[in-house]
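S.K.:
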Amino acid sequence: MMVILMLLLMLLLLLLQLLLLLQQLLLLLLRLLILLLLLLLQLLLQLLRLLLPLLLILLLLLVLLLMLLLLLLLQLQLLLIKQLLKLLLLLLLLLLLLLLLLLLLLLLILMLLLMLLLQLLLLQQLLLLLLLLLLLMLLLLLLLLLLHLLLLLQQLLILLLLLILLLLLLILLLLLLLLLLLLLLLLLLLLLLLLILLLLLLLLLLLLQLLNAAILT
1 MMVILMLLLM LLLLLLQLLL LLQQLLLLLL RLLILLLLLL LQLLLQLLRL LLPLLLILLL
61 LLVLLLMLLL LLLLQLQLLL IKQLLKLLLL LLLLLLLLLL LLLLLLLLIL MLLLMLLLQL
121 LLLQQLLLLL LLLLLLMLLL LLLLLLLHLL LLLQQLLILL LLLILLLLLL ILLLLLLLLL
181 LLLLLLLLLL LLLLLILLLL LLLLLLLLQL LNAAILT
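Residue numbers for the sequence shown, in full-length UniProt numbering: 1 to 217.
#1: Report, in whole angstroms, the separation of the C-beta atoms of L152 and L90, which I expect to be a contact under 8 Å.
#2: Please work out which residues of its chain come closer than 7 Å, Cβ to Cβ, to Q155, disregarding the five sequence neighbours upstream and downstream, and give them in chain order.
#3: Can you have a look at L135 and say buried or exposed, based on whether 16 or more other CB atoms are within 10 angstroms of its CB?
#4: Between L7 and L157, how many whole angstroms is the CB-CB distance? I'm expecting something under 8 Å.
#5: Answer yes or no: do L142 and L105 have a C-beta to C-beta separation smaller than 8 Å?
#6: Considering only the alpha carbon of each residue, which of L138, L131, L5, L163 lies closest to L103?
#7: Could you name the residues of the same chain whose beta carbon sits closer than 7 Å to that of L15, not counting the 5 residues immediately before and after it, in chain order?
#8: Quick one, are the C-beta atoms of L28 and L98 less than 8 Å apart?
#9: Buried or exposed: which applies to M67, given that a residue is buried once 16 or more other Cβ atoms fall within 10 Å of its Cβ?
#10: Are there 16 or more other CB atoms within 10 angstroms of the CB of L21, so buried, or fewer, so exposed?
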């Protein structure tokens, strides 16, 4: 049992290290995305000709509002989470939301590519610029959600580590109590043996005195 718990503890420590590495990778990805989006904006300033920009902007605004609401709910839930089951449910919800956001992001990128291929109206450059800025905000919010998810996973692993450490401490305490009980039992047995030996000596002394008295008489 101790070996299994120690192995679980080592596994959870490795998972925590992996989560820290993933968090650093996400930060690097965030920087790369900002640089790429800046380059994309510079290119699109020369090629901006969009079709149906207003619908796309409305869609992006709805998505951004949804993501902001989700972030607010996530912060509130992070303040209220105190049990392991709540953490697991929240992680599942975040995974589903991330999948949904990724699908929306792919849809938006496809729509952008389609409208860039059309290149019809010259007066819609500002709309495309606004659209790209909204797309940048969407990507940043998506990365923020990923970071929140990693923080939740870290909290969950820390909680599991604490539980395993508590179990280990309890097992050690139980082992110490068992050792103390065994020592006490050994002491009691030694005392009983000493008492028995003393009684035997007393009996022998009495018998010797009786024999001496019988011999003298």
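By construction, the Cβ of each residue, glycine as well, lies at the ideal position given by its N, Cα and C atoms.
M.R.: Quick look at the numbers:
#1: Taking the Cβ atoms as the reference, L152 lies roughly 6 Å from L90, within the contact range of under 8 Å.
#2: Within the same chain, Q155 has close Cβ partners L87.
#3: Flag for L135 reads buried.
#4: A Cβ-Cβ distance of about 15 Å is found for the pair L7 and L157, leaving them out of contact under the 8 Å criterion.
#5: Remark: C-beta atoms of L142 and L105 approach each other more closely than 8 Å.
#6: Taking only the C-alpha atoms, the option nearest L103 is L138.
#7: Hits under 7 Å: L157.
#8: The Cβ atoms of L28 and L98 lie no closer than 8 Å to each other.
#9: So M67 ends up on the buried side.
#10: Counting the other CB atoms within 10 Å of its CB gives L21 a total below 16, which places it among the exposed residues.
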